[in-house]
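Chemist:
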Amino acid sequence: MGTHGRVLICGAGPTGLVAAISLIRSGIDVQLIDAASEPSPLSKAAVIWRRTLEVLHDSVPSARFVELGRVMDGIQLEADGRILRRVDFPRDSAAFPPGVLLPQADTERILTEVLTDLGGEIRRGVRLKNFESVDGQVRVTMEDGDDHRVEDFDWLIGADGAHSAVRHTLGIDFPGKAIDRRWLLADLDFEESGPEDRVRMFVGRQGMAGLFPYGHGRWRLIADGGPIDLESPRRDPDLAEIESEIRKRTAIEWKIDSAPWLAEFRVNERQVESYRHGRVLLAGDAAHVHSPAGGQGMNTSIQDGVNAAWKLAMVMRGEACDGLLDTYQDERHPVGAEVVRNSGRALKFATDRRFPAMFFKRRILPLILGIGAIRRKLVQGLSEIDINYRKGPLAEGRRDGWIGRRLPDLPLEVGGASVYESIDTTGFTILAFNENTFIEGGAWDRAILAAGSKVRVVRTAASHGQAGTLRREMDMSADDIAVVRPDTYLGPVTSDPNQVVRWFEALRGRG
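Per the numbering used here, residue 669 is the first one in the sequence shown, and the count goes up by one each step.
1. Could you work out which residue in Arg1140, Gly1177, Asp1092, Gly1110 is closest to Val1151 when comparing CA atoms only?
2. Cα separation between Leu930 and Gln805?
3. Within its chain, find whatever has a CB closer than 6 Å to the CB of Ile1116; leave out the 5 residues flanking it on each side and keep chain order.
4. From Ser912 to Val739, what does the alpha carbon distance come to, in whole angstroms?
5. In chain order, what residues of the same chain lie with their CB nearer than 7 Å to the CB of Ala1130, ignoring the 5 residues before and after it?
6. Identify whether Thr1097 lies in helix, strand or coil by the three-state DSSP scheme.
7. Would you decide whether Ser942 is buried or exposed? Buried here means 16 or more other CB atoms lie within 10 Å of its CB.
8. Can you look up Lys845 in the DSSP assignment and give me helix, strand or coil?
9. From Asp756 to Gln744, what does the alpha carbon distance come to, in whole angstroms?
10. Under 8 Å Cβ to Cβ from Pro1165, same chain only, skipping five residues before and after it: list those, please.
11. Taking the alpha-carbon positions, what's the Ile1025 to Asp892 distance?
12. Rounded to whole angstroms, what's the CA-CA distance from Gly1120 to Ser1090? Just pull it up for me.
13. Can Asn1056 and Gly1072 be called in contact, C-beta distance under 9 Å?
14. Is the Cβ-Cβ distance between Glu722 and Thr1097 less than 9 Å?
15. Which one of Leu770, Glu706, Ala747 has the shortest CA to CA distance from Glu735?
16. Opposite Val723 in the DSSP bridges: which residues?
17. Compute the Euclidean distance between the alpha carbons of Glu987 and Ile1036, then round it to the nearest angstrom.
18. Look at the alpha carbon of Ile716 and the alpha carbon of Asp1054, and state the distance between them as a whole number of angstroms.
19. Below 6 Å CB to CB, which residues in the same chain sit around Phe870 once its five sequence neighbours on both sides are set aside?
20. Leaving out five residues before and five after Arg938 in sequence, what residues of the same chain have Cβ atoms less than 6 Å from its Cβ?
21. Checking 9 Å against the spacing of the C-beta atoms, do Leu824 and Ile689 come in under that value?
22. Are the stretch 966-980 and the stretch 852-869 touching by the rule of at least three beta carbon pairs closer than 8 Å?
23. Between which two residues does the beta strand (DSSP E) holding Ser1145 run?
24. Taking the C-alpha atoms as reference points, what is the distance between His836 and Leu1046?
25. Note the first and the last residue of the continuous beta strand (DSSP E) segment covering Pro895.
26. Grab me the residues of Thr671's own chain with a C-beta within less than 6 Å of its C-beta, minus the 5 sequence neighbours each way, in chain order.
27. Sort out for me which residues DSSP pairs His956 with in a bridge.
28. By the DSSP assignment, the beta strand (DSSP E) with Arg617 in it spans what residues?
29. From which residue to which residue does the beta strand (DSSP E) around Phe880 run?
30. What three-state label does DSSP hand Trp1070 in the structure shown?
31. Counting along the chain, where does the beta strand (DSSP E) carrying Leu1075 start and finish?
32. Do you know offhand how far Val935's Cα is from Ile1149's?
33. For the candidate residues Thr968, Cys989, Gly829, whose alpha-carbon lies nearest to that of Pro1002?
34. Helix or strand or just coil, what does DSSP make of Asn1056?
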């Protein structure tokens, strides 16, 4: 383990696990704690979208999720026993399907195995009680059963969920609102069920419902339970209520064999104003909560963890000023705000039972979803491949070109492997499409040195096979190179070494 300082991560859900994995792989000493004595067996988040698979691929190969989960082939819109529209999700990547349906408990188990293989561990049953800033460090008081201990850390990441102890200790507001509506959730094992290749959404007059296939006869049901008084006590549904709701809202006649999880949940839409507070970073549900519409929550949270981790690693290794961490706020807060806003709109639309809304959902929406361009936009939005940081400070204020955008997933010519197989997420990667670009002692040497960090150079012939396709997709000349950040977003795409030098120097010297 490195000698660059220590990070305490509070919360061993997907966000905290991913941040810990990223930091450990980058040589940072991490302590990961969680208040729960055991990992949760509950399914919770149900889908991993393509962009999450891409950003994790170097540390957690996407095949591990795909093998255990169910690839989502599309969505089926239904009403009154009729299929209104089938929306197929195109599979244009061998490595990265648009989405994988997988219970969160299984996602966490995969991530925990990776963490353990790296030599990391989770200290369970440990609660964060308090912390304060002391001599440029974070002094943390933790409770482990009857034992209280005080330890100093260089940085603290709060990834401890919607009721975050880190956020509460900071004493900051969590502005937003609670939605006065009840939602029913059930994980159901059916004796026999229909095809398990797509999500089924029902838009009947009794309210919205969705069925999500996990495979082997298990499905997740989410159903609108109608308006409630927010002061009313929570009441989990029983199996009889779930069976009744299925009969009212769908035309399926499957027999339920067992129900591993039945719950009521309520939606809050909230986001903190700042993800960074000195040496404390907030990520995931500790920073934002919202409707589950679109399945964006866990995916957004994981990408918070990835973004924070690579920047924190550079700062702790002395490769960048800590002002680089301000760009975590600059890049991820707008993404969180958009997810809160869009998922809220989707929820409001889905629960509107008035005649104009029902007419639109049953008659107009199926027609709209038949338009190819709209289907593609829908899939891009759900799978999160349209997220970019082009308005952020690391994109140099430029909104044209590729800087700040996701690296496209296209194969290089060697064995037809995805370009993501060549990316090193513990440092920067430079893709060069002219085999003569990098010559010892040439102008590009200074650009590589300017990174101040590990750089992997991937050379490939621009005119050959799929590498040419990737270059043309990115509108690059044969002499251009592409800088790929550790989170697989793009830095400069240019043939000018001086532009790359300036970009690295600005990135490292922020603050």
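Ideal placement from N, C-alpha and C gives every residue a C-beta, glycine not left out.
Modeler: On the basis of the coordinates in this document:
1. Here the question's residue 1151 lines up with position 483 in the sequence shown. For Val1151, the nearest C-alpha among the options comes from Asp1092.
2. Here the question's residue 930 lines up with position 262 in the sequence shown. Here the question's residue 805 lines up with position 137 in the sequence shown. Cα-Cα distance, rounded: 44 Å.
3. Here residue 1116 refers to the residue found at position 448 of the sequence shown. Taken in chain order, the residues that qualify are Val1123.
4. What you label residue 912 is simply residue 244 of the sequence shown in a count that begins at 1. What you label residue 739 is simply residue 71 of the sequence shown in a count that begins at 1. Each residue's alpha carbon lies about 29 Å from the other.
5. As a first step, residue 1130 is located in the sequence shown; it is residue number 462 there, counting from the start. Any reading at Ala1130 must be qualified, since the residue scores a pLDDT of 49, below 50, and its modelled position is unreliable; the value itself is stated next. Same-chain partners within the cutoff: Phe1101, Asn1102, Gly1136, Arg1139, Ala1146.
6. Taking the first residue of the sequence shown as 1, we reach residue 1097 at position 429. In the structure shown, Thr1097 sits in a strand (DSSP, three-state: E or B).
7. Locating residue 942 in the sequence shown gives position 274, counting from the first residue. It is exposed - the Cβ of Ser942 has fewer than 16 other Cβ atoms within 10 Å.
8. The sequence position of residue 845 within the sequence shown is 177, counting from 1. Strand.
9. Along the sequence shown, read from residue 1 onward, the residue named residue 756 stands at position 88. Along the sequence shown, read from residue 1 onward, the residue named residue 744 stands at position 76. So the alpha carbons of these two residues sit roughly 8 Å apart.
10. On the sequence shown, residue 1165 is found 497 positions in, with the first residue counted as 1. Around Pro1165: Ala1111, Trp1112, Arg1114, Ala1115.
11. Start at 1 with the first residue of the sequence shown, and residue 1025 comes out as number 357. Start at 1 with the first residue of the sequence shown, and residue 892 comes out as number 224. According to the sequence as given, residue 1025 is Ala; it is not Ile. In a straight line, the C-alpha of Ala1025 is about 15 Å away from that of Asp892.
12. By 1-based counting over the sequence shown, the position of residue 1120 is 452. By 1-based counting over the sequence shown, the position of residue 1090 is 422. Computed Cα separation, rounded: 20 Å.
13. By one-based count along the sequence shown, residue 1056 stands at place 388. By one-based count along the sequence shown, residue 1072 stands at place 404. Going by C-beta atoms, Asn1056 is nearer than 9 Å to Gly1072.
14. The sequence position of residue 722 within the sequence shown is 54, counting from 1. The sequence position of residue 1097 within the sequence shown is 429, counting from 1. No.
15. Within the sequence shown, the letter at position 67 stands for residue 735. Looking at the Cα atoms, Leu770 is the closest of the given residues.
16. Here residue 723 is taken as the residue at index 55 of the sequence shown, counted from 1. Paired residue(s): none; Val723 is not in a bridge.
17. Mapped onto the sequence shown, residue 987 falls at position 319. Mapped onto the sequence shown, residue 1036 falls at position 368. Near 50 Å, if we compare the C-alpha coordinates of Ile1036 and Glu987.
18. Locating residue 716 in the sequence shown gives position 48, where the first residue counts as 1. Locating residue 1054 in the sequence shown gives position 386, where the first residue counts as 1. Using only the alpha carbons, I get a separation of about 15 Å.
19. Counting from 1 along the sequence shown, the entry for residue 870 is found at position 202. The answer, listed in chain order, is Glu746, Ala877, Arg917, Thr918.
20. Here the question's residue 938 lines up with position 270 in the sequence shown. Hits under 6 Å: Phe842, Gly844, Val957.
21. Looking up residue 824 in the sequence shown gives position 156. Looking up residue 689 in the sequence shown gives position 21. Not closer than 9 Å, so no.
22. no
23. Position 477 of the sequence shown, counted from the start, is the residue given in the question as residue 1145. That residue, Ser1145, is in no beta strand (DSSP E); it is neither H nor E in DSSP.
24. Within the sequence shown, the letter at position 168 stands for residue 836. Within the sequence shown, the letter at position 378 stands for residue 1046. So the two alpha carbons sit approximately 36 Å from each other.
25. Walking along the sequence shown from the start, residue 895 turns up at place 227. Per DSSP, Pro895 belongs to the beta strand (DSSP E) from 886-895.
26. Translated into the one-based positions of the sequence shown, residue 671 becomes position 3. The answer is none, since no qualifying residue turns up.
27. The residue you call residue 956 lines up with position 288 of the sequence shown. Paired residues: Gln939.
28. Residue numbering for the chain in the displayed model covers 669 to 1179; residue 617 lies beyond these limits and cannot be assessed.
29. Counted from its first residue, the sequence shown places residue 880 at position 212. Run containing Phe880: 875-883, per the beta strand (DSSP E) assignment.
30. Taking the first residue of the sequence shown as position 1, residue 1070 is located at position 402. Note: Trp1070 maps to coil in three-state DSSP.
31. Working through the sequence shown from its first residue, we reach residue 1075 at position 407. Leu1075 -> no beta strand (DSSP E), and no H or E assigned at all.
32. Within the sequence shown, residue 935 is the residue found at index 267, counting from 1. Within the sequence shown, residue 1149 is the residue found at index 481, counting from 1. Rounded to the nearest angstrom, the two C-alpha atoms are 45 Å apart.
33. Walking along the sequence shown from the start, residue 1002 turns up at place 334. Out of Thr968, Cys989, Gly829, Thr968 has the C-alpha closest to the C-alpha of Pro1002.
34. Translated into the one-based positions of the sequence shown, residue 1056 becomes position 388. Correct three-state label for Asn1056: coil.
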